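Down below is the structure, laid out as structure tokens.
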Amino acid sequence: MEFTVIDYSIFVLLLVLSSAIGLFYALSGDRQRTVQEFLLANRNMGFLPVALSLLATFQSAVAILGVPAEIYRFGTEYWFLGCSYFLGLLIPAHVFIPVFYRLRITSTYEYLELRFNKTVRVFGTITFIFQMVIYMGVVLYAPALALNAVTGFDLWSAVLTMGLVCTLYTTLGGLKAVIWTDVFQTLVMFAGQLAVILVGARRVGGMARVWHLAEQEGKISGIDLDPDPFKRHTFWTLAVGGVFMMLSLYGVNQAQVQRYLSARSEREAKLSCYAVFPCQQIVLCLSCLTGLVMFVYDREHPLAPTQRPGSSDQLVLYFVMDVLQDLPGLPGLFVACLFSGCLSTISSAFNSLATVTMEDLVRPHCPGLSESRATLLSKLLAFGYGLLCLGMAYVSSMLGPVLQAAISIFGMVGGPLLGLFCLGMFFPCANPMGAVVGLLAGLAMAFWVGIGSLLHSMRGAPPPNSTVLPPVGNLTTILATTLLAPTPAPQSPTGLQKFYSLSYMWYSAHNSTTVILVGLLVSLLTGPTPAAAVDPRTIYPVLPRLLCCLPQKYRQRLCCGVDFPAQDADHPDATEKSNRVPNGLAPPGPRRQEEEGQGYIRAAGAPTYALQETSF
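Its first residue numbered 23, the sequence shown is counted upward by one per residue in our numbering.
Structure, rendered in structure tokens:
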């Protein structure tokens, strides 16, 4: 299964075009001379490129390799995850985007200082950096390892080439280059998956025959309405638990929020969320159809026992190389598709990490930093994180079975961060102490369940729904753990083993709920935040709106005494109004004086977290 010159040419073309986009935006326009342009694309992006970039950011090689293998092994039940996309994208569009966009922030974690204080902001920032630094090296290394195992493609040549090209265009072109390369790479991913489906289906007699045979073999799943949260995949697990997973990605993750904030208006930001919904459904359908075609093709053209893949995530690559081997160029197209997923994910990681480091850790301590130096430092941070990614890829190669914990960490952190933002946004009574203790409690719960499941799997058979796999030689097996959990064990677990068997799709819901409950309890015990100290623009009155049938006086009590301004941001002049003051917030009045330990708008001077390079 060797690559031809045409295959290598297509792969090289992907890298050249991605680099060219970065160079174009480095040499055009304002040439990335301001922090505003470098980190937020001058806030003038249209909704369609933003939507495709949102799609590409977490459409990594994990999904391209993992979802078809999931369908191949367990059937189409995973397809019901698409039901969670509706609320998982509608809620960010109408709850999180309006709050973040009207505050005119750059880093998501600036919100935490506006709502709570600097301490909460730093805790959130460090948690995010920890999450992304561990993840980005793995997402670069593991697919390259799978490719090397199947095709003989040189491992470290692929890792170094992809890492350096991605670092180049991210550092030179800023967020605008990242978004437009995401658009290009998304189209490559669509083309690669579509080519595999069409050629594979044609070789087994057409898609109708694929569906018929898959149905005969029980691979077309019905709706399983079992409410048991310990069952790996049911309709409720995927459609409801998946909503929380989507919210942790599309609601509060810096990589995604940064794209919303780059839109030229709040309306465009909302439209990008609407536009990504059908795109997500198409991607899910393509991945599921790939899995079904792969299953039927394997039945009719089985590989010899010596050629069988050693791990589930290699199934797709073996199938692609077998079905496309006599069509020069198409294997190269699929490899370009695979590495487009890597490029889009790690470039988003570089840019978002540079943003939070600059805005949350550097600017607050260097308020007098000039615009030119701030821009240069932002570029150096993006470049530094690119080199760190290569270093983490090398570390990943040495971790062995311990890499299971590194992969699990990415999933563990998303839920607690979602809970932290929901605590601040939906509950005006929450105070900074409750936020910090709630976040720590959520992280402790997440690591307890995740690492407990890992340790249990090392002692024996893993829990049925754990997100880890037993130690194996091929590290790429571990990369797909969030999608490819092991086959359920026949015996029913009890005690803590039962707790460790919680379906991975409920992790975000479980951990975010822990943050909210603990945060509210601590806030009530230590004294809730006074209504006068809460900026209304940092709150979304979710309870009064959900319970709109209640009398006005009861709904007012649910607001905890906070007076909410008229929601005029949807009117044409709303953005213009918010552009007249820093961060889009109302000028601080007498009752907005910062209390000791609180992180709200200061009366004297511009806050350290406000963007200084432009006036909004």
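Heads up, the beta-carbon is just placed ideally off N, CA and C, and yes, glycines get one too.
These numbers were taken from a predicted model, which means no experiment stands behind them.
Assign Ala-285 to one of three DSSP states: helix, strand, or coil. As a working mapping, residue 285 is identified with position 263 in the sequence shown. Three-state result, Ala-285: strand.
Compare the C-alpha of Glu-290 against each of Phe-69, Cys-364, Glu-322 and name the closest. On the sequence shown, position 268 is the one that residue 290 refers to. Per the Cα distances, Phe-69.
Which word fits Thr-26, buried or exposed, when buried means at least 16 other C-beta atoms lie within 10 angstroms of its C-beta? Locating residue 26 in the sequence shown gives position 4, where the first residue counts as 1. It counts as exposed.
With a threshold of 16 other CB atoms inside 10 Å of the CB of Gly-640, please say whether the residue is buried or exposed. The requested residue 640 is not part of the displayed model; the chain covers only 23 to 638.
If I'm right that Leu-440 touches Ser-374 with Cβ under 8 Å, what's the distance once you round it to whole angstroms? The count along the sequence shown starts at 1 and reaches residue 440 at position 418. The count along the sequence shown starts at 1 and reaches residue 374 at position 352. In fact, because the Cβ distance is near 16 Å, the residues do not count as touching under 8 Å.
Would you call Ile-648 buried or exposed, if buried means 16 or more other Cβ atoms sit within 10 Å of its Cβ? Here the chain covers residues 23 to 638 and nothing more, so residue 648 does not appear.
Rounded C-alpha distance that separates Pro-604 from Val-117: One-based indexing of the sequence shown puts residue 604 at position 582. One-based indexing of the sequence shown puts residue 117 at position 95. Note that Pro-604 has pLDDT 39, beneath the 50 cutoff, so the model's placement of it is unreliable and the number below is only indicative. Between Pro-604 and Val-117, the C-alpha separation is close to 21 Å.
Note down, in chain order, each residue of its chain lying with its Cβ closer than 7 Å to the Cβ of Ala-261, except the 5 sequence neighbours on either side. Walking along the sequence shown from the start, residue 261 turns up at place 239. Contacts found: Phe-102, Cys-105, Ser-106.
Straight-line CA distance for Ala-336 to Leu-314? Residue numbering aside, residue 336 sits at position 314 when the sequence shown is read from its first letter. Residue numbering aside, residue 314 sits at position 292 when the sequence shown is read from its first letter. Residue 336 is actually Gln in this sequence, not Ala. Rounded to whole angstroms, Gln-336 to Leu-314 spans 16 Å at the Cα level.
CA nearest to the CA of Met-380, picked from Ser-50, Ala-217, Arg-126, Ala-396: Residue 380 sits at position 358 when you count from the first residue of the sequence shown. Out of Ser-50, Ala-217, Arg-126, Ala-396, Ala-396 has the C-alpha closest to the C-alpha of Met-380.
Between the Cα of Leu-445 and those of Leu-465, Met-420, Thr-535, spot the shortest distance and give me the residue it belongs to. Along the sequence shown, one-based indexing puts residue 445 at 423. Residue Thr-535 is the option with its Cα nearest to Leu-445.
Work out the CA separation of Thr-192 and Gly-110 for me, nearest whole Å. Looking up residue 110 in the sequence shown gives position 88. Looking up residue 192 in the sequence shown gives position 170. Answer to the nearest angstrom: the Cα atoms are 28 Å apart.
Excluding the 5 residues flanking Ala-457 on each side, which residues of the same chain have their C-beta closer than 7 Å to its C-beta? By 1-based counting over the sequence shown, the position of residue 457 is 435. Within the same chain, Phe-138, Val-142, Leu-442, Leu-445, Gly-446, Gly-541 come within 7 Å of Ala-457 by CB-CB distance, once the 5 residues on both sides are set aside.
Alpha-carbon spacing of Tyr-100 relative to Phe-33, whole angstroms: Against the sequence shown, residue 100 aligns to sequence position 78. Against the sequence shown, residue 33 aligns to sequence position 11. Per the coordinates, the alpha-carbon of Tyr-100 lies some 31 Å from the alpha-carbon of Phe-33.
Is the beta carbon of Phe-252 less than 7 Å from the beta carbon of Ser-475? Numbered from 1 along the sequence shown, position 230 holds the residue referred to as residue 252. Numbered from 1 along the sequence shown, position 453 holds the residue referred to as residue 475. Going by C-beta atoms, Phe-252 is not nearer than 7 Å to Ser-475.
Integer-rounded CB distance, given that Ala-115 should sit under 8 Å from Cys-295: Residue mapping note: residue 295 aligns to position 273 of the sequence shown, counting from 1. Residue mapping note: residue 115 aligns to position 93 of the sequence shown, counting from 1. Contact flag correct, Cβ pair sits at about 4 Å.
I need the straight-line Cα distance from Leu-167 to Gln-347, nearest angstrom please. As a first step, residue 167 is located in the sequence shown; it is residue number 145 there, counting from the start. As a first step, residue 347 is located in the sequence shown; it is residue number 325 there, counting from the start. The straight-line gap from Cα to Cα measures roughly 20 Å.
Three-state secondary structure (DSSP) of Val-27: Looking up residue 27 in the sequence shown gives position 5. Of the three classes helix, strand and coil, the one that applies to Val-27 here is helix, per DSSP.
Residues bridged to Met-67 [DSSP beta-bridge criterion]: As a working note, residue 67 is residue 45 in the sequence shown. In the DSSP output, where bridge partners are listed per residue, Met-67 has Ala-285.
State the Cα-Cα distance for the pair Ile-561 and Met-343, rounded to the nearest angstrom. For the purposes of this step, residue 561 is taken as the residue at position 539 of the sequence shown. For the purposes of this step, residue 343 is taken as the residue at position 321 of the sequence shown. One alpha carbon belongs to Ile-561, the other to Met-343, and they sit about 52 Å apart.
Report the three-state DSSP secondary structure of Phe-252 (helix, strand or coil). Against the sequence shown, residue 252 aligns to sequence position 230. Residue state, collapsed to three classes: coil.
Can you give me the C-alpha to C-alpha distance between Gly-214 and Ile-242, rounded to a whole angstrom? As a working note, residue 214 is residue 192 in the sequence shown. As a working note, residue 242 is residue 220 in the sequence shown. Put simply, the backbone Cα of Gly-214 is about 24 Å away from that of Ile-242.
How far does the alpha helix (DSSP H) with Ala-371 in it extend, from its first residue to its last? Here residue 371 refers to the residue found at position 349 when the sequence shown is read from its first residue. Note, Ala-371: alpha helix (DSSP H), 352-378.
Taking all protein chains shown into account, decide if Val-161 is buried (16 or more other Cβ within 10 angstroms of its Cβ) or exposed. Numbered from its first residue, the sequence shown carries residue 161 at position 139. Val-161 is buried by the Cβ-count criterion.
Along the chain, where does the alpha helix (DSSP H) that runs through Lys-198 open and close? Residue numbering aside, residue 198 sits at position 176 when the sequence shown is read from its first letter. Counting along the chain, the alpha helix (DSSP H) containing Lys-198 begins and ends at 177-225.
By how many angstroms is the C-alpha of Lys-575 removed from the C-alpha of Ala-91? The residue labelled residue 91 in the question sits at position 69 within the sequence shown. The residue labelled residue 575 in the question sits at position 553 within the sequence shown. Cα to Cα, the separation comes out at about 54 Å.
Report yes or no: do three or more beta-carbon pairs, one from the region 58-75 and one from the region 264-271, lie closer than 8 Å? No: the two stretches stay apart, fewer than three of their Cβ pairs being nearer than 8 Å.
When you compare only the Cα positions, how much space is there between Arg-126 and Leu-283? Position 104 of the sequence shown, counted from the first residue, corresponds to residue 126. Position 261 of the sequence shown, counted from the first residue, corresponds to residue 283. Distance between the alpha carbons of Arg-126 and Leu-283 is about 8 Å.
Coil, strand or helix - Ala-452 by DSSP: Your numbering for residue 452 matches position 430 in the sequence shown. In this structure, Ala-452 counts as coil in the three-state DSSP scheme.
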